[in-house]
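S.K.:
Number of protein chains: 2
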Amino acid sequence: MAVDEVSSRTDFMRVLLDRRILIASGVPGVYGRGAAFDDVIARVQALIDVLSRRHGAERVSFPPVIPRAVVRRTGYMENFPQLCGSVHAFVGNDDKHPALMDRVREGGDWSEFVSQTDVVLAPAACYPLYPSLTGQLPEGGRLFDLCSFCFRHEPSEDPARMQSFQIRENVRAGSPDDVQRWRARWMEDGKELLASLGLPLKLDTASDPFFGRGGRLMKANQHAQELKFELLVPIWSEAQPTAVASFNYHQEHFGHVFEIRTATGECAHTACIGFGLERVAIALFKQHGLEPERWPAEVRTRLWP
Amino acid sequence: MAVDEVSSRTDFMRVLLDRRILIASGVPGVYGRGAAFDDVIARVQALIDVLSRRHGAERVSFPPVIPRAVVRRTGYMENFPQLCGSVHAFVGNDDKHPALMDRVREGGDWSEFVSQTDVVLAPAACYPLYPSLTGQLPEGGRLFDLCSFCFRHEPSEDPARMQSFQIRENVRAGSPDDVQRWRARWMEDGKELLASLGLPLKLDTASDPFFGRGGRLMKANQHAQELKFELLVPIWSEAQPTAVASFNYHQEHFGHVFEIRTATGECAHTACIGFGLERVAIALFKQHGLEPERWPAEVRTRLWP
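Protein chains in written order, with my numbering: chain A, 1 to 305; chain B, 1001 to 1305.
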């Protein structure tokens, strides 16, 4: 990224914080949100509500922590160990408490005093859904609509790359055909939705940040098989635009791990589509300015009908 | 708790899961939520919205992870080390990845491969707010309205004692008088709100689960000074009712730690009030039955006006 792009990003972040659109926490990528920011997100969610209902999705929700077994069984910890947040807690007694307190008061790392719990932070909204689908799907498969706070350990000064952020997802489980046609339709719907908010967009194939040397092949495979598409907005840079939505075809991956079968008994295929809600909001503030009451009339009418 | 109370709780949980009002994750206290459960929570939130606006609270929100420095500086880690969830992540390279993977595949504890990050799970919605208030408050102080997913590491089979759950809070910072009068008014408002939903209630002084032998004095002090009140509903048992809302006066605690001053330059006092949203929803399902469309007319009119 060119120097002037980084500097424009830094300036923009400063203004977001000055106006309390976002609230600094002292940790990069972890921000409080003022009423204006949350209102934009709520209005974008309302537009996604309409699309999700049109597709016939069933609403469910999950907390921001999920069983550790899910990241283990799905290979998430294998493929993205650098992003996964594991949750650890003190299970000691009075005898160990004073030593822990000394460490805490020094401001030091208290790892050695805590034990791993049964949960990790959700890396995406859909992960906890798949284990609940074990068994046979009804004729035509199933569709779900869900949203949760996700965590990825990638501290960054880029306000569009938060560590803790909300992904609004829809998920489809069924036959390969049903799942792929559904994803294709959502790519159109998602593009239309965000274009109607005045965001300049590009749809492109993409890959996930698989870890290490071994990850290169996985990334190449994702691109080659068009398993992942992203909607990109040039928030800071035309050359390195930011993904604000993704459309992911998992093939048999989750169906195999969690033994999800179609109505005809085959291993179910799954796909998910997701909107990075904070990224969409930041793209809107960057594109249209810091005062939503001054955004273009057609965007305002869409968001606040 | 008597045997028949535990058995009634277990039976009720089974029904909640059978009807997919809640969705089991395999970890006690971590549940997905069906549309009916989330709808009840959304409607209770709408009623709290009205009260929060009447009190003049400003809306803000924070993610479910907060800076580790906040639990260190506020003494949370000192007083409740058993409840706090610390977040740890793998920061190694390709060399360490295979050993981590072996551990993960065995299903073992992967603590030794991860390092402590700068964040912990939020133990209450209000914790990340206080550091953002450093400095001088305006005349009359400030009021905030916020909600977030909180985490407390206390695995339990009681559906009303989740590990990951939402607290809707209001927070007041200002002079001791302002803060105490505000809390007293919210105790009335909160009681009236929940009573209007047909819940049998009792308001009582309470204490937080301070850790270990040293915690006893803290608990006794909280009771004696009436720093904490709770609204209790006999969900499973008259003898051990469940707290569904709490009203907490922190005196100078947060003002001192984060250097928050009143308009006249004194150390600000703070108080917070919080509704345990999942507990309120479970109390309603237990009190009125599993089908909200059959709840008493006056409760339905209040929730779905």
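Heads up, the beta-carbon is just placed ideally off N, CA and C, and yes, glycines get one too.
Since we're looking at a predicted model, the values are computed, not measured.
1) Closer than 8 Å is the cut-off here; do at least three beta carbon pairs connect the region 1093 to 1111 of chain B with the region 1232 to 1244 of chain B?
2) In the DSSP output, what is B:D1204 paired with across the bridge?
3) Does the separation of the CB atoms of A:A122 and A:F62 fall below 8 Å?
4) Can you name the start and end residues of the alpha helix (DSSP H) that B:A1358 belongs to?
5) Using a Cβ-Cβ distance cut-off of 8 Å, determine whether A:V135 contacts chain B.
6) Mind listing the chain A neighbours of B:M1101? Cutoff is C-beta to C-beta under 7 Å, in chain order.
7) Taking beta-carbon pairs under 8 Å, can you tell me which members of the region 249 to 282 of chain A lie near chain B?
8) Chain B partners of A:T117, CB-CB under 9 Å?
9) Is B:A1035 closer than 8 Å to A:E293 when the C-beta atoms are compared?
10) Compile a chain-ordered list of the residues in the region 1034 to 1052 of chain B whose CB is closer than 7 Å to at least one CB of chain A.
11) Can you name, in chain order, every residue of its own chain whose Cβ lies under 8 Å from the Cβ of A:E139, other than the five neighbours on each side?
12) Taking CB distances under 8 Å as the criterion, tell me whether A:I21 reaches chain B.
13) Quick check on DSSP: helix, strand or coil for B:Y1130?
14) If we cut at 8 Å on Cβ distances, does A:I66 have a partner in chain B?
15) Using alpha carbons as the reference points, say which of B:G1190, B:P1067, B:D1011, B:V1091 lies closest to B:V1050.
16) Taking the C-alpha atoms as reference points, what is the distance between A:G85 and B:H1088?
17) Do we get a CB-CB distance below 8 Å when we pair B:A1124 with the residues of chain A?
18) Using a Cβ-Cβ cut-off of 7 Å (strictly less than) and excluding sequence neighbours within five positions of A:V70, which residues of its own chain qualify?
19) Does the Cβ of A:P209 have 16 or more other Cβ atoms within 10 Å, making it buried, or fewer, making it exposed?
20) Within 10 angstroms of the Cβ of B:V1015, are there 16 or more other Cβ atoms? Answer buried if so, exposed if not.
21) Starting from B:F1211, find everything on chain A with Cβ-Cβ shorter than 9 Å and list it in chain order.
22) Going by C-alpha to C-alpha distance, which of A:L146, A:F80, A:G255 sits closest to A:E154?
23) Measuring straight from C-alpha to C-alpha, what distance separates B:V1280 and B:S1156?
24) Can you name the start and end residues of the beta strand (DSSP E) that B:A1245 belongs to?
25) Assign B:S1115 to buried or exposed, taking buried as 16 or more other Cβ atoms, counted over all protein chains shown, within 10 Å of its Cβ.
26) At a CB-CB cut-off below 7 Å, which residues of chain B make contact with A:E291?
27) Give the DSSP bridge partners of A:C272, in chain order.
28) Starting from B:I1260, follow its DSSP beta bridges and name the residues at the other end.
29) How long is the line joining the alpha carbons of A:D102 and B:S1148, rounded to whole angstroms?
30) Say whether chain A places a C-beta atom closer than 8 Å to the C-beta of B:L1017.
31) Rounded to whole angstroms, what is the Cα-Cα separation between B:Q1136 and B:D1177?
M.R.: Let me lay it out:
1) no
2) Position 204 of the second sequence, counted from the start, is the residue given in the question as residue 1204 of chain B. According to DSSP, B:D1204 bridges with B:E1230.
3) Residue numbering aside, residue 122 of chain A sits at position 122 when the first sequence is read from its first letter. Residue numbering aside, residue 62 of chain A sits at position 62 when the first sequence is read from its first letter. It is a contact, given that the beta carbons lie within the stated cut-off.
4) Only positions 1001 to 1305 of chain B appear in this structure, which leaves residue 1358 of chain B out of reach.
5) In the first sequence, counting from the first residue as 1, residue 135 of chain A sits at position 135. Residue identity differs from the one stated: residue 135 of chain A is Gly in this sequence, not Val. Taking Cβ atoms only, chain B never reaches closer than 8 Å to A:G135, which makes this a no.
6) For the purposes of this step, residue 1101 of chain B is identified with residue 101 of the second sequence, where counting begins at 1. Ordered by position in chain A, the residues that pass the 7 Å Cβ test against B:M1101 are E78.
7) none
8) The sequence position of residue 117 of chain A within the first sequence is 117, counting from 1. Near A:T117 (Cβ distances below 9 Å), the residues of chain B are V1027, G1085, H1153, P1155, Q1163.
9) Here residue 293 of chain A refers to the residue found at position 293 when the first sequence is read from its first residue. Here residue 1035 of chain B refers to the residue found at position 35 when the second sequence is read from its first residue. Contact: no.
10) G1034, A1035, D1038
11) Residue mapping note: residue 139 of chain A aligns to position 139 of the first sequence, counting from 1. Closer than 8 Å at the Cβ level, and outside the excluded window around A:E139, lie A263.
12) Against the first sequence, residue 21 of chain A aligns to sequence position 21. Judged by the 8 Å Cβ criterion, A:I21 is not in contact with chain B.
13) For the purposes of this step, residue 1130 of chain B is identified with residue 130 of the second sequence, where counting begins at 1. DSSP places B:Y1130 in helix when its eight states are reduced to three.
14) Here residue 66 of chain A corresponds to residue number 66 of the first sequence, with the count starting at 1. Yes, because at least one Cβ of chain B sits closer than 8 Å to the Cβ of A:I66.
15) Residue numbering aside, residue 1050 of chain B sits at position 50 when the second sequence is read from its first letter. Answer by Cα proximity: B:G1190.
16) The residue given as residue 85 of chain A occupies position 85 in the first sequence. The residue given as residue 1088 of chain B occupies position 88 in the second sequence. Spanning the two alpha carbons is a distance of roughly 5 Å.
17) For the purposes of this step, residue 1124 of chain B is taken as the residue at position 124 of the second sequence. So no, B:A1124 is outside the interface.
18) What you label residue 70 of chain A is simply residue 70 of the first sequence in a count that begins at 1. Here the set comprises Y127, P128, P131.
19) Looking up residue 209 of chain A in the first sequence gives position 209. Result: exposed.
20) Mapped onto the second sequence, residue 1015 of chain B falls at position 15. With fewer than 16 other Cβ atoms within 10 Å, it is exposed.
21) The residue labelled residue 1211 of chain B in the question sits at position 211 within the second sequence. Correct list: F90, D94, H97.
22) Taking the first sequence and counting its residues from 1, one reaches residue 154 of chain A at position 154. It is A:F80.
23) One-based indexing of the second sequence puts residue 1280 of chain B at position 280. One-based indexing of the second sequence puts residue 1156 of chain B at position 156. Distance between the alpha carbons of B:V1280 and B:S1156: 18 Å.
24) Translated into the one-based positions of the second sequence, residue 1245 of chain B becomes position 245. Taken as a continuous stretch (DSSP letters only), the beta strand (DSSP E) holding B:A1245 covers 1242 to 1251.
25) Taking the first residue of the second sequence as position 1, residue 1115 of chain B is located at position 115. With fewer than 16 other Cβ atoms within 10 Å, it is exposed.
26) By one-based count along the first sequence, residue 291 of chain A stands at place 291. Within chain B, no residue comes near A:E291; the closest Cβ sits about 17 Å away, beyond 7 Å.
27) Against the first sequence, residue 272 of chain A aligns to sequence position 272. Paired residue(s): A:V171, A:N248.
28) Your numbering for residue 1260 of chain B matches position 260 in the second sequence. Looking at the DSSP assignment, B:I1260 forms a beta bridge with B:G1135.
29) For this step, residue 102 of chain A is matched to residue 102 along the first sequence. For this step, residue 1148 of chain B is matched to residue 148 along the second sequence. The straight-line gap from Cα to Cα measures roughly 30 Å.
30) Residue mapping note: residue 1017 of chain B aligns to position 17 of the second sequence, counting from 1. No, B:L1017 lies away from the interface with chain A (no Cβ there is under 8 Å from its Cβ).
31) Locating residue 1136 of chain B in the second sequence gives position 136, counting from the first residue. Locating residue 1177 of chain B in the second sequence gives position 177, counting from the first residue. One C-alpha to the other measures close to 17 Å.
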